[in-house]
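Asks: Below is a structure I'd like to ask you about.
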């Protein structure tokens with residue numbers, strides 16, 4: 002007869018079932034895969050969509066980012082150059 006013990010903390014030993022590199026040591030059985038599907042532990046289409054949007058956004062910034070930065074720098078320089086063309090007087094400042 003086994004004696005049942007009550008522990009204050011319960012450990013999930015499956016957390017330690019991974020190999021040294023973080024990968025699983027064995028492939029999941031079909032029963033485990035089915036159980037994971039039932040529990041909702043699969044990639045959902047919304048997660049895939051979000052991941053693709055992040056990839057597209059970072060690709061867009063990688064390709065067009067330097068050009069956008071140069072345009073912003075040029076625009077800022079031109080705006081400040083316009084302010085230095087005229088003398089800053091009270092009527093000019095109120096007209097801005």
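Numbering (this note's numbering), first residue to last: 2 to 97.
We put the beta carbon where it would ideally sit given N, CA and C, even for glycine.
Is residue 28 helix, strand or coil when you go by DSSP?
Replies: What you label residue 28 is simply residue 27 of the chain shown in a count that begins at 1. Note: residue 28 maps to coil in three-state DSSP.
Asks: Going by DSSP, what residue range makes up the alpha helix (DSSP H) through residue 95?
Replies: Here residue 95 refers to the residue found at position 94 of the chain shown. Element bounds for residue 95: 91-96.
Asks: What separation, rounded to the nearest whole angstrom, lies between the Cα atoms of residue 39 and residue 46?
Replies: Along the chain shown, one-based indexing puts residue 39 at 38. Along the chain shown, one-based indexing puts residue 46 at 45. The straight-line gap from Cα to Cα measures roughly 16 Å.
Asks: DSSP state of residue 48, grouped into three classes?
Replies: The residue you call residue 48 lines up with position 47 of the chain shown. Residue 48 falls in the helix class under three-state DSSP.
Asks: Does residue 66 come out as helix, strand or coil in the three-state DSSP assignment?
Replies: Stepping through the chain shown from its first residue, residue 66 is reached at position 65. In this structure, residue 66 counts as helix in the three-state DSSP scheme.
Asks: Please report the distance separating the alpha-carbon of residue 28 from that of residue 41.
Replies: Mapped onto the chain shown, residue 28 falls at position 27. Mapped onto the chain shown, residue 41 falls at position 40. Taking the straight line joining both Cα atoms gives about 19 Å.
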